[in-house]
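To keep things clear, I will list the structure first and then write my remarks on it.
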Amino acid sequence: MNLTKKSQLDFDGVSRPVRPEPPELPEFPFKLPELPENPSVIQKKPDTLPIYSDKAQPLDVDDGGDDCVLLEIDEIDEIDEQDGLLFELSLVPGGVYQGEIDEPVEIEVEEDEALEVVDDPWGWQISTFPDWLSHKMQGVPQHSGRDSAGLERAISYLEEVDRHISKAVRSDKDGAIDISRIEKARTSLYDGLVRLQDRLEKIQSNTHPKKKKKKADENPDMVKEGQKSTHVGGIIVTVPLLISTIARTCLNSMISAGKDIEDVFDRLADKYDLTPREEMETMQLLADMGYPLRRPRGYNRDEEIDYTSTDNFDWAQNFPA
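All letters in the sequence shown, in the order written, are residues 118 to 438 by this note's numbering.
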């Protein structure tokens, strides 16, 4: 440590104070490394060396009783005695300024969210719905009129407009919409849909014909009915030509001439001398054709039938009024 008298530090500008001989200082307990001859090696050293040491103890020096100023010299960290190298870094390695840097203060500014306005082409209001409907009916997607894809798109467009008409009239609780005008527009819309559907069917039939048209298809008033075979439960029944002729004669006499079918059957059975088996076949054929005779099966024509009896074959007990 170095002690200097205060009187020697005061200058009056006239004479320089006489500095006494400095006292002898004790030797340092360590050896300083020898500096290299090449000065460039020194420049590579850090600009600032970290100093970590305890406070030095003052030396006992007789200063003549005057107050002294204490100058402290910090101890230098140990340097590798092997090759004189220092393996320490400063607070900011390589930095000229070693002080702390204040962090910037973040200021949050709340901005009002911009309202995004979406123009919905299918959006409408009750008060302006007639104008919206008129605009939509005039804005049907264009097409050539000869392609099925364009027709289908136009049909889908008008169907969507019709669905919005239903939504509008259902939500109009206060009666703000003129229903007569809306009904007129919907009638026109339905007519347009029918025309588009008919045109689409014609184009599809010309492009992909399913079957050859027949003469009956051109005239809707012409109805062709095929002859149905007589069957029972899906089983086709074949009867002799005589039995079929008698049954058809009975039907024609009742339908065309208005005669009693049972009386005609009795006379034809007598004329052609039908056996009980043939009579049963004819009666069953008439029943299968939808015109049953008014008598229970299981009896011959000449047998007397008791309708009140419980012994009849397929009829229940009947009591005439």
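Idealized CB from N, CA, C, for every residue including glycine. In this text the structure is predicted, and so the values were computed from the model without any measurement.
Can you tell me whether residue i is buried or exposed? The criterion is at least 16 other CB atoms within 10 Å of its CB, across all chains shown.
i	result
residue 242	exposed
residue 430	exposed
residue 208	exposed
residue 424	exposed
residue 313	buried
residue 246	buried
residue 285	buried
residue 391	buried
residue 278	buried
residue 364	buried
residue 282	buried
residue 422	exposed
residue 378	buried
Between residue i and the rest of its own chain, which residues show a CB-CB distance below 8 Å, the 5 nearest in sequence each way excluded?
i	result
residue 317	265, 268, 269, 272
residue 305	254
residue 294	243, 246, 247, 285, 286
residue 525	The structure shown does not extend to residue 525, since the chain is modelled only from 118 to 438, so the question has no answer here.
residue 303	279, 282
Are the Cβ atoms of residue i and residue j separated by less than 8 Å?
i	j	result
residue 263	residue 320	yes
residue 418	residue 396	yes
residue 389	residue 359	yes
residue 410	residue 400	yes
residue 408	residue 368	yes
Give me, in chain order, the residues of the same chain whose beta-carbon lies closer than 7 Å to that of residue i; leave out the 5 immediate sequence neighbours on both sides.
i	result
residue 309	275
residue 356	398, 402
residue 261	267
residue 376	370
Apart from the five residues just before and just after residue i, which ones in its own chain have a Cβ nearer than 6 Å to its Cβ?
i	result
residue 289	243
residue 249	241
Am I right that residue i and residue j are in contact with their C-beta atoms under 8 Å? What's the rounded C-beta distance?
i	j	result
residue 381	residue 370	5 Å
Item to check | Complete beta strand (DSSP E) runs within the region 231 to 281 (minimum length 3 residues, chain order) | outcome: At a cut-off of 3 residues, not a single continuous stretch assigned as beta strand (DSSP E) sits fully inside the region 231 to 281.
Item to check | 4 or more residues per run - each alpha helix (DSSP H) lying fully within the region 359 to 418 | outcome: Segments of the alpha helix (DSSP H) lying fully in the region 359 to 418: 378 to 388, 393 to 405.
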